[in-house]
Amino acid sequence: MSDPILTLDAIATDIAQYHILKGVGFQVPRGQVTMLLGRNGVGKTTTMRTIMGLLRNKSGQIRFDGQEIGALPASARARAGIGYVPEDMGIFTDLTVEENMHLAAVSGAPDQARLDWLFSVFPPLKTFWRTSAGNLSGGQKQMLSIARAMIEERRLYLIDEPTKGLAPAIVATMVGALRDLKRQGASILLVEQNFAVARALGDKVVVMDDGHVTWEGDMGELATDTGLQERLMGLSMEAG
Amino acid sequence: MGLRLLSGDAPRSGILSLLLIVVFLGLALAPFLFPGVRALHTAATICVFILLVASYDLLLGYSGIVSFAHTMFFGLGACGVALASIHMGRGWDALLVGTLSGALAATVLAYVIGLFSLRVRAIFFAMITLAVASAVAVLVSQLFQLTGGEDGLTYQIPRELTPAFRFGEVFGTNLNGRLLNYYLVFFACLALFLLLLRLVNSPFGRVLQSIRENDFRAEAIGYRVVHYRTAATCMSAAIAALAGSLYAIWLRYVGPDTTLSFEIMIDVLLMVVIGGMGTMYGAVIGATIFVLAQNYLQNLMGVAAEATANLPLIPDLIDPNRWLMWLGILFVLSVYFFPSGIVGRLRAGR
């Protein structure tokens, strides 16, 4: 693979006395969607948080666009072009939708054309523009969380379980938004438990188990090999 | 125009708007509405404490930082004016130099404390500020040759700000330097309060609010949390020092009991909580109620005790000497019934 946007090399991360990541290594190709799959508790969210700098890796290297970023604080990684949508959405409930979006535009006022695109992808954001984010429904909060990461063009998006617990109609909206982003050539690392969503969006797959990468390959290969799915994750993507 | 002056932060409650207008007019016209030395002193104290509490709200309510050193910064501002007035002599230049050096000293000290302790968990920052504030209070007491120790310092301010300077009479009220002094305090506090309101409603203020709510998320969006917290601490300290300078100009006396004591810190905390954290207007309501209660509750209870003298038990219960107990009960009740503060409750419309 030539010139990946992100390279993890033998990353080990502890949380308190627990060794969560035990030498994780994979690459995220530029302009593609990489799915990070695995059962609950195998270290997917810890991997995302380590890339973002919210957890410090005790060993290994994280190279973003060729630069080692392991020593940078999370804010510097964000300003370097990494957008992060955490699993818990992390929206600021005391602030309005507008204030949440403006906060996320760290380099200045948001670009109106981009804002219009986000309104077209997530219409409720326009409707509830001046509403306190704490009053939004679960799906609307997730839309806000993703829109906030997209408000400025990032070089890499880290998105952790964007469809978790959402109604099917809202999942379809999310998939549509992420497809739009993919069409624009964005590089995305996506954690997803919904295999139908994973198959619809993913170009590349990284499967984790017990703090290690156990398989890395093309989505096409995994999607057509149910035996491989059973072996890697104990689940069949046909189920989605 | 009015909303612009409030930086677009409308009170968002009819009752709150009415209360704020009453407080504003009461303070603006205090020398004419409530003649008398004690009433004017109470009004000036309310002005200063509104500013002090609002500056603490920037820290606690908007940034989620618990500090016990706020009265230390207040005291630094007051000491600046006192020391400059003593060493440079009576004059406007002494007031200016004292005010600026007090604010500068407070900012530098807040920066140092913030830089060393804001990276750690909130409870450690609170403990460090408590330790530093206690150390400074002891130091002020020990360095009596410089600070006057427990006796404090008295000094002279420009004659134009003293009762000896008279220049006429309006509506039966003598126009004198004391009146000018009051309006200096009133307008300076008003301007600084509006500045604080502007600050919390600016993009900087929104970042502070996001840090208060979820500091990890704010950092992941791209905001260096420790820098913002340090900046908020420095600004809050500078405004507290300016409030201290204004109080020193008003009192013409600086002592540990008036500016540095831990009791004042507790009062400030209570005023923020009673008024409503993270609202700024809570500072206005909290400080006004608290200072009025501190100054007039005892008198009010005396009147009530006299009026109920023929009844059993009640005059004993509301004996003026028990005013502190009732003040405490009132605060417990207000925190119980208004957990989000008076302003929070009024804005919620319940």
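Order-wise, the sequence lines are chains L and U. Going from the first sequence to our numbering is simple: count from 1 and add 2. Going from the second sequence to our numbering is simple: count from 1 and add 1108. Built from N, CA and C at the ideal position, the CB exists for glycine as well.
Query raised in the report: Can you find a C-beta in chain U that's less than 7 Å from the C-beta of A80/L?
Result: As a first step, residue 80/L must be located in the first sequence, where it is residue number 78. Yes, contact with chain U.
Query raised in the report: Is the CB-CB distance between S189/L and I64/L below 7 Å?
Result: Locating residue 189/L in the first sequence gives position 187, where the first residue counts as 1. Locating residue 64/L in the first sequence gives position 62, where the first residue counts as 1. For S189/L and I64/L, no; Cβs fall outside 7 Å.
Report task. Kindly say whether M54/L, judged by its beta-carbon, lies nearer than 7 Å to any beta-carbon of chain U. Result -> Taking the first sequence and counting its residues from 1, one reaches residue 54/L at position 52. Yes, contact with chain U.
Query - Local Cβ density within 10 Å of W1358/U, reported as buried at 16 or more and exposed below that - result: One-based indexing of the second sequence puts residue 1358/U at position 250. Buried, because 16 or more other Cβ atoms sit within 10 Å of the Cβ of W1358/U.
Query - Own chain partners of Y1331/U with C-beta closer than 8 Å, once the 5 adjacent residues on each side are dropped - result: Here residue 1331/U refers to the residue found at position 223 of the second sequence. Excluding residues within five positions, the ones whose Cβ falls inside 8 Å are V1315, S1318, I1319.
Requested in this report: Assign E163/L to one of three DSSP states: helix, strand, or coil.
Outcome: In the first sequence, residue 163/L corresponds to position 161, counting from 1. In this structure, E163/L counts as coil in the three-state DSSP scheme.
Requested in this report: Just mark Q69/L as buried or exposed, buried being the case when its beta carbon has 16 or more other beta carbons within 10 Å.
Outcome: To locate residue 69/L, count along the first sequence from 1; it is residue 67. Q69/L is exposed by the Cβ-count criterion.
Query - CA nearest to the CA of D205/L, picked from A225/L, L56/L, K143/L - result: In the first sequence, the residue the question calls residue 205/L occupies position 203. With distances taken between Cα atoms, D205/L lies closest to A225/L.
Query raised in the report: Does the Cβ-Cβ distance between F1182/U and G1352/U come in under 7 Å?
Result: Here residue 1182/U refers to the residue found at position 74 of the second sequence. Here residue 1352/U refers to the residue found at position 244 of the second sequence. Their beta carbons are under 7 Å apart, which means F1182/U touches G1352/U by this criterion.
Query - Contact list for the stretch 1311-1333 of chain U against chain L, Cβ threshold 9 Å - result: P1311, R1314, V1315, Q1317, S1318, R1320, E1321, N1322, F1324, R1325, A1326, E1327, A1328, I1329, G1330, Y1331, R1332, V1333
Report task. Pick helix, strand or coil for G85/L, following the three-state DSSP scheme. Result -> Taking the first sequence and counting its residues from 1, one reaches residue 85/L at position 83. Here G85/L sits in strand by DSSP.
Requested in this report: Kindly provide the ranges of any beta strand (DSSP E) runs that are 3 or more residues long and lie completely inside the stretch 1147-1218 of chain U, ordered along the chain.
Outcome: none
Query - Beta-carbon spacing of G213/L, L23/L below 7 Å - result: Walking along the first sequence from the start, residue 213/L turns up at place 211. Walking along the first sequence from the start, residue 23/L turns up at place 21. Yes, these two residues count as a Cβ contact at 7 Å.
Query raised in the report: DSSP puts Y1361/U in a beta bridge; with which residues?
Result: Locating residue 1361/U in the second sequence gives position 253, where the first residue counts as 1. Beta-bridge pairing links Y1361/U to T1262/U.
Query raised in the report: Pairing CB atoms from the stretch 77-91 of chain L with CB atoms from the stretch 146-165 of chain L, are three or more of them under 8 Å?
Result: yes
Query raised in the report: Which residues in chain U sit within 8 Å of T95/L, going by Cβ to Cβ distance?
Result: Translated into positions along the first sequence, residue 95/L becomes position 93. Those within 8 Å of T95/L in chain U are E1321.
Query raised in the report: Is it a yes or a no for the stretch 1239-1253 of chain U touching the stretch 1377-1396 of chain U, going by three-plus beta-carbon pairs under 8 Å?
Result: Contact fails: fewer than three Cβ-Cβ distances are below 8 Å.
Report task. Could you please give the first and the last residue of the uninterrupted alpha helix (DSSP H) stretch that includes I1236/U? Result -> Walking along the second sequence from the start, residue 1236/U turns up at place 128. 1230-1250 is the span of the alpha helix (DSSP H), which, as asked, contains I1236/U.
Query raised in the report: Can you tell me the Cα-Cα spacing of A12/L and T129/L, whole angstroms?
Result: Taking the first residue of the first sequence as position 1, residue 12/L is located at position 10. Taking the first residue of the first sequence as position 1, residue 129/L is located at position 127. When rounded, the distance between both Cα atoms is 45 Å.
Requested in this report: Could you give the DSSP three-state label for I22/L: helix, strand or coil?
Outcome: Residue mapping note: residue 22/L aligns to position 20 of the first sequence, counting from 1. Strand at I22/L.
Query raised in the report: For W217/L, which beta-bridge partners are listed by DSSP?
Result: Along the first sequence, read from residue 1 onward, the residue named residue 217/L stands at position 215. BP columns for W217/L point to V209/L.
Query raised in the report: What did DSSP end up calling V245/L once you bin it into helix, strand or coil?
Result: Here chain L covers residues 3 to 242 and nothing more, so residue 245/L does not appear.
Query raised in the report: What residue from I1265/U, I1154/U, Y1290/U has the CA that sits closest to I1379/U's CA?
Result: By 1-based counting over the second sequence, the position of residue 1379/U is 271. For the sequence presented, residue 1379/U should be read as Met rather than Ile. With distances taken between Cα atoms, M1379/U lies closest to I1154/U.
Requested in this report: Compare the beta carbon distance of I1173/U and L1167/U with 7 Å and say whether it is the shorter of the two.
Outcome: Position 65 of the second sequence holds residue 1173/U. Position 59 of the second sequence holds residue 1167/U. Yes, the Cβ-Cβ distance between I1173/U and L1167/U is below 7 Å.
**Report entry** chain U contact residues for S2/L, given Cβ-Cβ distances below 9 Å
**Finding:** Nothing in the structure corresponds to residue 2/L, since chain L is present only between 3 and 242.
Query raised in the report: Helix or strand or just coil, what does DSSP make of L39/L?
Result: Against the first sequence, residue 39/L aligns to sequence position 37. In the structure shown, L39/L sits in a strand (DSSP, three-state: E or B).
Requested in this report: Compute the distance between the beta-carbons of A135/L and T95/L, then report whether it is under 7 Å.
Outcome: On the first sequence, position 133 is the one that residue 135/L refers to. On the first sequence, position 93 is the one that residue 95/L refers to. Yes, the pair counts as a contact, with Cβ atoms nearer than the cut-off.
Query - Residue burial classification, M221/L (beta-carbon count within 10 angstroms, cutoff 16) - result: Taking the first residue of the first sequence as 1, we reach residue 221/L at position 219. When all chains shown are included, M221/L counts as buried.
Report task. Count the C-beta pairs between the stretch 1304-1312 of chain U and the stretch 1118-1135 of chain U that are closer than 8 Å, then say yes if the count reaches three, no if not. Result -> no
Report task. Could you tell me whether the stretch 1447-1458 of chain U touches the stretch 1123-1131 of chain U, where touching means 3 or more Cβ pairs closer than 8 Å? Result -> The stretch 1447-1458 of chain U, when compared against the stretch 1123-1131 of chain U, does touch it at the 8 Å Cβ threshold.
Query raised in the report: For the putative contact between A14/L and G25/L, defined by C-beta atoms under 8 Å, what is the C-beta separation to the nearest angstrom?
Result: Locating residue 14/L in the first sequence gives position 12, where the first residue counts as 1. Locating residue 25/L in the first sequence gives position 23, where the first residue counts as 1. Yes, A14/L and G25/L are in contact; Cβ-Cβ is about 6 Å, under 8 Å.
Report task. Look at the alpha carbon of N59/L and the alpha carbon of R41/L, and state the distance between them as a whole number of angstroms. Result -> To locate residue 59/L, count along the first sequence from 1; it is residue 57. To locate residue 41/L, count along the first sequence from 1; it is residue 39. Rounded to the nearest angstrom, the two C-alpha atoms are 22 Å apart.
Query raised in the report: Would a C-beta distance cut-off of 7 Å place Q1402/U and P1428/U closer than the cut-off?
Result: For the purposes of this step, residue 1402/U is taken as residue 294 along the second sequence, with counting starting at 1. For the purposes of this step, residue 1428/U is taken as residue 320 along the second sequence, with counting starting at 1. Going by C-beta atoms, Q1402/U is not nearer than 7 Å to P1428/U.
Requested in this report: Determine the closest residue to L1438/U out of A1152/U, I1397/U, I1221/U, L1377/U, with distance taken between C-alpha atoms.
Outcome: Working through the second sequence from its first residue, we reach residue 1438/U at position 330. Checked all of A1152/U, I1397/U, I1221/U, L1377/U; the closest Cα to L1438/U is I1397/U.
Query - Rounded C-alpha distance that separates L10/L from G33/L - result: Taking the first sequence and counting its residues from 1, one reaches residue 10/L at position 8. Taking the first sequence and counting its residues from 1, one reaches residue 33/L at position 31. Between L10/L and G33/L, the C-alpha separation is close to 17 Å.
**Report entry** Own chain partners of S1498/U with C-beta closer than 6 Å, once the 5 adjacent residues on each side are dropped
**Finding:** With chain U represented from 1109 up to 1458, any question about residue 1498/U goes unanswered, as that position is not in the structure.
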